[in-house]
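Asker: Sending over a structure as structure tokens; questions will come in a sec.
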Amino acid sequence: MLPIVIGSVGVGLIALRAIDALRDRVMTRKAENLLCEVAPATLADGKDKPACGPTYRNIVAKEEFPPLDGITTLYELFKRSASRYPNNPCLGTRKHVNGKAGPYEWFTYEETEALVLDIASAMTKVGVSAHERCSIYGGNCAQWMIAMQACNRQSIYCVPLYDSLGENAVEYIINHSESSILFVSKEKLDTVIQALPKAHKGLKTLVYWGTHDQNHAGVDAAAKEAGITAYTWQQFLDLGRKSPASARPPKPEDLCTVMYTSGTTGDPKGVMLSHRAVIGEVAGLHAFLKQIGEGTTVTEKDVVLSYLPLAHIFDRSTEEMFLSVGARIGYFQGDVKKLVDDIATLRPTLFIGVPRVFDRIHNGVITKLEEKGGLAAKLFHWGYSIKSKKLRKNVRQDKATPLFDRLVFSKVRERLGGRVKLIVSGGAPLAGHVEEFLKVTMCAPVVQGYGLTETCAGSFISVPDLHEMAGTVGPPLPCTAFRLEAVPEMNYDPSGSPPRGEIVIGGPTVFKGYYKDEEKTKEVLSEDGWFHTGDVGELTPEGALKIIDRKKNIFKMSQGEYIAVEKVEAVYKKSALVEQIWVYGNSFENALVAVVVPNEDSVKSWASQNNVPGDYAAICRDERTKAYLHGELTQTAKAGKLKGFEQVRKICVDSEPFSVENGLTTPTFKHKRPQLLQHYKAQIDKMYGK
204 MLPIVIGSVG
214 VGLIALRAID
224 ALRDRVMTRK
234 AENLLCEVAP
244 ATLADGKDKP
254 ACGPTYRNIV
264 AKEEFPPLDG
274 ITTLYELFKR
284 SASRYPNNPC
294 LGTRKHVNGK
304 AGPYEWFTYE
314 ETEALVLDIA
324 SAMTKVGVSA
334 HERCSIYGGN
344 CAQWMIAMQA
354 CNRQSIYCVP
364 LYDSLGENAV
374 EYIINHSESS
384 ILFVSKEKLD
394 TVIQALPKAH
404 KGLKTLVYWG
414 THDQNHAGVD
424 AAAKEAGITA
434 YTWQQFLDLG
444 RKSPASARPP
454 KPEDLCTVMY
464 TSGTTGDPKG
474 VMLSHRAVIG
484 EVAGLHAFLK
494 QIGEGTTVTE
504 KDVVLSYLPL
514 AHIFDRSTEE
524 MFLSVGARIG
534 YFQGDVKKLV
544 DDIATLRPTL
554 FIGVPRVFDR
564 IHNGVITKLE
574 EKGGLAAKLF
584 HWGYSIKSKK
594 LRKNVRQDKA
604 TPLFDRLVFS
614 KVRERLGGRV
624 KLIVSGGAPL
634 AGHVEEFLKV
644 TMCAPVVQGY
654 GLTETCAGSF
664 ISVPDLHEMA
674 GTVGPPLPCT
684 AFRLEAVPEM
694 NYDPSGSPPR
704 GEIVIGGPTV
714 FKGYYKDEEK
724 TKEVLSEDGW
734 FHTGDVGELT
744 PEGALKIIDR
754 KKNIFKMSQG
764 EYIAVEKVEA
774 VYKKSALVEQ
784 IWVYGNSFEN
794 ALVAVVVPNE
804 DSVKSWASQN
814 NVPGDYAAIC
824 RDERTKAYLH
834 GELTQTAKAG
844 KLKGFEQVRK
854 ICVDSEPFSV
864 ENGLTTPTFK
874 HKRPQLLQHY
884 KAQIDKMYGK
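At position 209 of the sequence shown (counting the first as 1) the number is 412 in the working numbering, and the numbers step up by one without a gap.
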């Protein structure tokens, strides 16, 4: 337990410190408190203003937030690394020969800086001025990063577009941001060309990288018709090389990006992030990794695989952190089906992912294990049981079962390349059984984080090798201040035991507002810079934050009971049969229903054993499958201690996953609930007997 210590000046201290102690011939870990209370609780001064709990920070930031060695902008960050580590590999790409990917080939920091200079100079040459907007559209690659660093060099605001966005969203963001230049990958040229006729008149330049099945003249003609000049990547490099331009360094308070959130409803919102905010995030990440120690700090020897969207702040902050120390960034081939091959080739030392990625790893291992059976399965489960028990006693993961690690779990570890020293999950809650699975089998520290685009992604990260951190997102990073605000209608009280309330975040990483949307900015951002997340948190006795609810994702059933739908879905996702699940209910009904996308391998295996014919889609349509899945989900609900009114009474089974492509999830795999309701309205009505 890590109780809050009240000092002589009334300040509660939570220090982060792990010590190794020899006990019963195993290495155990202890920790003291992780927070420091820097301001007292505030009482409501009216009915419209809820009460707030104390303001907390990481102990490292008790007096002030940590700086980044005098670096104040992302331009300075990259410039310093290029000077310090000119010969270090920087950006890596796999070239294809006869359709097969070769080894990673690298631009050094010196070579990358030269390319950034050329692209930045070309932007100046074509008339892009400081503080104008530059859209970048395509999958993660070296060109994406080079264009972004060129924006930093010239004080231009980078506007990332998710590579899964369709024509309408692309058109909206280009026009709403008033971008004057657009960089695009070959795969997205067709979408862009269709959007060009409706682009605002201020868009003057198009730069595309890679070859294209159309001839260049066709691209040039389409751009010219829209009043836009098109360049290939190489043409633009050559233009900049012939016309070198001086840097226009940004100020810390200048924007570095307008990052449009994927959003679950309505048009995307442009989150304005300053250089100061992203630098604060990088400084906070380094300070936190230094705190937890255990070989988790990032140095110039480290390498990360870039596959999560660079248009999302989670991956971007990670890559900026790697650039800050001269480390390597290797880009995936652009095909998630080939991700395993990229991992095996690159062998990253840090692996970041979202729960869906880890769900698939877990389900894949368990399915193969069940198919194999025999001694191998028994040995796996035996070792799993022993290691899990030791981890619950806070034995370090590398000291818990070294023999089983070598004989059994090393084979699972190889799925991530075999040398990962830290695994970070973010973007959404990680299911408890998957978190435990990763901690047992990956032979590396596993942590879960929490944050939003509006707070530069990483605001909280759990501490590895502490069982008390399981199911939490840990203490705040040294770049974050937070408090809990009362939610009276949901009975959440920051002065209660335990303290609960809406998570409100402050500090240098908080965004400056939504671009050209003052009304929505005022809804979530206070005048003194505190961001209301809409998420409900609970402060544990160990000083960690636990996400327990969402203010907006709660509804009342007809019998008056409130349903926290994400909590219900998290319980059902513990079933190995469930790939995805969407739970629905409303105040006119007295029971919950759900749409279930089953795990394909698991349901096929069951079907073959129970004489249910057909392919995956046909199996999902079979009434016997529905009955079987509903029975298994009922058992999962009972094991998860869901109350009767929280349990799903009827289900619909679908073989088509919820995805970005069909408009049912965001690029970070969050449910788009209004769209799901519209998509499955007929099935919902049928389940409710309408």
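Don't be surprised by glycine CBs; every beta carbon is placed ideally from N, CA and C.
On the CB-based measure, 16 or more other CB atoms within 10 Å of its CB, does Gly704 come out buried or exposed?
Answerer: In the sequence shown, the residue the question calls residue 704 occupies position 501. Gly704 should be labelled buried.
Asker: Give the secondary structure of Pro292 by DSSP, where H, G and I count as helix, E and B as strand, and everything else as coil.
Answerer: Your numbering for residue 292 matches position 89 in the sequence shown. Pro292: strand per DSSP, three-state reduction.
Asker: Measure from the alpha carbon of His379 to the alpha carbon of each residue in Asp272, Glu864 and His403, then state which is nearest.
Answerer: Along the sequence shown, read from residue 1 onward, the residue named residue 379 stands at position 176. Cα-wise, what sits closest to His379 is His403.
Asker: Any idea what DSSP makes of Phe525, helix, strand or coil?
Answerer: Position 322 of the sequence shown, counted from the start, is the residue given in the question as residue 525. Three-state DSSP puts Phe525 in a helix.
Asker: To the nearest angstrom, report how far apart Asn197 and Met890 are at their CA atoms.
Answerer: Beyond the ends of the chain as shown, which are 204 and 893, falls residue 197; an answer cannot be given.
Asker: Check whether the segment 721-731 touches the segment 691-702, taking contact to mean three or more Cβ pairs, one atom from each stretch, closer than 8 Å.
Answerer: The answer is no - the segment 691-702 does not touch the segment 721-731, with fewer than three Cβ pairs under 8 Å.
Asker: So what does Gln783 bridge to, in DSSP terms?
Answerer: As a position in the sequence shown, residue 783 is number 580, starting the count at 1. Per DSSP, Val800.
Asker: Look up Glu864 in the DSSP assignment and say whether it is helix, strand or coil.
Answerer: Along the sequence shown, one-based indexing puts residue 864 at 661. Looking at Glu864 - three-state DSSP - the assignment turns out to be coil, as it is neither helix nor strand.
Asker: On the premise that Asp518 lies in contact with Leu511, defined as a C-beta separation below 8 Å, what is that separation, rounded to the nearest angstrom?
Answerer: The sequence position of residue 511 within the sequence shown is 308, counting from 1. The sequence position of residue 518 within the sequence shown is 315, counting from 1. That belief holds up - the Cβ atoms of Leu511 and Asp518 are roughly 4 Å apart, short of 8 Å.
Asker: Could you pull out every residue in the same chain whose Cβ sits closer than 8 Å to the Cβ of Val806, ignoring the five residues on either side in sequence?
Answerer: To locate residue 806, count along the sequence shown from 1; it is residue 603. If we look at Val806 and ignore the five residues flanking it on each side, its Cβ neighbours are Leu780, Tyr819, Ile822, Cys823, Thr828 and Leu832.
Asker: Might you give, ordered along the chain, the residues of its own chain that have their beta carbon closer than 6 Å to the beta carbon of Ile589, omitting 5 neighbours on each side?
Answerer: Locating residue 589 in the sequence shown gives position 386, counting from the first residue. Correct list, in chain order: Thr604.
Asker: Here's a check: name, in chain order, each residue in its chain whose Cβ is nearer than 7 Å to the Cβ of Val243, leaving out the five neighbours to either side.
Answerer: Looking up residue 243 in the sequence shown gives position 40. The residue you asked about is not Val; residue 243 is Pro in the sequence shown. Pro257, listed in sequence order.
Asker: Would DSSP call Ile431 helix, strand or coil?
Answerer: The residue you call residue 431 lines up with position 228 of the sequence shown. Ile431: coil per DSSP, three-state reduction.
Asker: Does DSSP put Lys893 in a helix, in a strand, or in coil?
Answerer: Working through the sequence shown from its first residue, we reach residue 893 at position 690. Of the three classes helix, strand and coil, the one that applies to Lys893 here is coil, per DSSP.
Asker: Look at the alpha carbon of Phe848 and the alpha carbon of Gly892, and state the distance between them as a whole number of angstroms.
Answerer: As a position in the sequence shown, residue 848 is number 645, starting the count at 1. As a position in the sequence shown, residue 892 is number 689, starting the count at 1. Spanning the two alpha carbons is a distance of roughly 18 Å.
Asker: How big is the Cα-Cα spacing for Tyr775 and Leu553?
Answerer: As a position in the sequence shown, residue 775 is number 572, starting the count at 1. As a position in the sequence shown, residue 553 is number 350, starting the count at 1. The alpha-carbon atoms of Tyr775 and Leu553 are separated by roughly 30 Å.
Asker: Given a threshold of 16 other Cβ atoms within 10 Å of its Cβ, counted over all protein chains shown, does Asn301 qualify as buried or as exposed?
Answerer: Locating residue 301 in the sequence shown gives position 98, where the first residue counts as 1. The residue in question, Asn301, is exposed, as its Cβ has fewer than 16 Cβ neighbours within 10 Å.
Asker: What span of residues does the alpha helix (DSSP H) with Gln357 cover, start to end?
Answerer: Here residue 357 is taken as the residue at index 154 of the sequence shown, counted from 1. Run containing Gln357: none; DSSP gives neither H nor E here.
Asker: Since Ile274 and Ile482 are thought to touch, with beta carbons under 8 Å apart, how far apart are those beta carbons, to the nearest angstrom?
Answerer: In the sequence shown, residue 274 corresponds to position 71, counting from 1. In the sequence shown, residue 482 corresponds to position 279, counting from 1. About 6 Å; that satisfies the 8 Å criterion.
Asker: Indicate the three-state DSSP secondary structure (helix, strand or coil) for Val473 in the structure shown.
Answerer: As a working note, residue 473 is residue 270 in the sequence shown. According to the sequence displayed, residue 473 carries Gly and not Val. Correct three-state label for Gly473: strand.
Asker: Hey, quick one: how far does the alpha helix (DSSP H) through Tyr831 stretch, first residue to last?
Answerer: One-based indexing of the sequence shown puts residue 831 at position 628. Note, Tyr831: alpha helix (DSSP H), Glu826 to Ala842.
Asker: What does the alpha-carbon distance come out to for the pair Ser665 and Val650?
Answerer: Counting from one through the sequence shown, the residue named residue 665 turns up at place 462. Counting from one through the sequence shown, the residue named residue 650 turns up at place 447. Taking the straight line from one Cα to the other gives about 5 Å.
Asker: Is the separation between the beta-carbon of Ser388 and that of Gly405 shorter than 8 Å?
Answerer: Locating residue 388 in the sequence shown gives position 185, where the first residue counts as 1. Locating residue 405 in the sequence shown gives position 202, where the first residue counts as 1. Not closer than 8 Å, so no.
Asker: Can you tell me whether Lys291 is buried or exposed, with buried defined as 16 or more other CB within 10 angstroms of its CB?
Answerer: The sequence position of residue 291 within the sequence shown is 88, counting from 1. Note on identity: in this sequence residue 291 is Asn, with Lys being the wrong assignment. Under this definition Asn291 is a buried residue.
Asker: What whole-angstrom Cβ distance do Val668 and Pro691 have, given they're in contact under 8 Å?
Answerer: Stepping through the sequence shown from its first residue, residue 668 is reached at position 465. Stepping through the sequence shown from its first residue, residue 691 is reached at position 488. First, the residue type needs correcting, since residue 668 is Asp and not Val in the sequence shown. Wrong, their Cβ atoms sit about 38 Å apart, outside the cutoff.
Asker: Determine, using beta-carbon pairs with one atom in the segment 274-290 and one in the segment 302-313, whether at least three such pairs fall under 8 Å.
Answerer: Verdict: yes, contact present.
Asker: Grab the span of the beta strand (DSSP E) containing Gly274 for me, first residue to last.
Answerer: Residue mapping note: residue 274 aligns to position 71 of the sequence shown, counting from 1. Before going further, note that residue 274 is Ile rather than Gly in the sequence given. Where Ile274 is concerned, there is no enclosing beta strand (DSSP E), given that its DSSP letter is neither H nor E.
Asker: Which full runs of the alpha helix (DSSP H) of 4+ residues lie inside the segment 587-660, going along the chain?
Answerer: Here the runs fully enclosed are 600-603, 613-616 and 635-644.
Asker: Please classify Thr408 as buried or exposed, where buried requires at least 16 other C-beta atoms within 10 Å of its C-beta.
Answerer: Along the sequence shown, read from residue 1 onward, the residue named residue 408 stands at position 205. Thr408 should be labelled buried.
Asker: Could you spell out the range, first to last residue, of the beta strand (DSSP E) harbouring His515?
Answerer: Here residue 515 corresponds to residue number 312 of the sequence shown, with the count starting at 1. First-last for His515: undefined, no H or E at that position.
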